Amino acid sequence: MSTAVLVIDVQQGLCEGEGAAFDCAGTIGRINEVTAKARAAGAPVIFVQHESKGGYLEHGSAAWQLARGLDVQATDLRIRKTTPDSFLKTELESLLRSHGVSKLIVCGMHTEFCVDTTTRRALALGYPVVLVSDAHTSAGNGAIGPALVIAHHNATLTNISSFGPRVTAIPAHAVEIAA
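Structure below.
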């Protein structure tokens with residue numbers, strides 16, 4: 309089973325300022341740990357970047373750039389998206405097919421939006437998902453804080469069985485990627 313790592317929306321604009329996601333530095337460090345394992349195994353690493361037509365996260369802006377501290381290599385792949393679903397109106401699915409990918413490892417920002425939506429869509433498309441339980445994050449919301457958002461999604465996504473493929477949530481240090 310060929311595996312790819314999806315790093316969703318780990319962009320500078322989501323890591324700074326008043327709306328910064330929770331524990332960005334720690335999350336980025338754990339993402340770097342997982343992507344290093346992927347590269348060592350020869351697995352594709354795909355960075356997904358959200359963009360808007362203007363203003364916040366506008367393509368090419370400082371906020372749109374991948375976050376400082378994120379280890380990005382020339383061999384890594386990139387996808388641009390405009391919705392919370394990394395598959396919708398992007399080339400992600402065809403890219404995965406062309407690399408023979410049949411399993412995804414997912415990490416990134418924001419847990420309750422793009423990580424959740426992309427994970428559910430991956431399941432619907434037949435991809436089992438490893439959700440890196442300590443390498444996705446959120447800024448929280450008016451109802452619950454970021455730690456609860458993360459914990460809630462680790463529990464909720466792993467309980468979805470109706471798609472067939474399942475989500476397994478494991479911490480970065482336990483992620484194994486076969487060569």
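Each residue of the sequence shown is one higher than the one before, starting from 309 at the first, in this note's numbering.
Backbone N, C-alpha and C define an ideal beta-carbon position, used for all residues, glycine too.
The structure presented is a predicted model; accordingly, all values stated were derived computationally and were not measured.
Within 10 angstroms of the Cβ of K389, are there 16 or more other Cβ atoms? Answer buried if so, exposed if not. Counting the other CB atoms within 10 Å of its CB gives K389 a total of 16 or more, which places it among the buried residues.
With 16 as the cutoff for other CB atoms within 10 Å, does L465 come out buried or exposed? buried
L385 (DSSP reduced to helix, strand or coil): Reduced to three states, the DSSP call for L385 is strand.
Go through its chain and collect everything with a Cβ distance to A477's Cβ below 6 Å, but skip five positions before and after it. L439, S441, N462 and T466
Q373 in three-state terms, based on DSSP: Coil at Q373, not helix or strand.
Keeping to the same chain, check which residues put their C-beta closer than 6 Å to that of M417; ignore five residues upstream and five downstream. D317, V318, L322, A329 and T445
Is the separation between the beta-carbon of S342 and that of C415 shorter than 8 Å? The identity of residue 342 in the sequence shown is Val, whereas the question assumes Ser. Yes, the pair counts as a contact, with Cβ atoms nearer than the cut-off.
Terminal residues of the alpha helix (DSSP H) in which G337 lies: Looking at the DSSP string, the run of the alpha helix (DSSP H) that includes G337 is C332 to A349.
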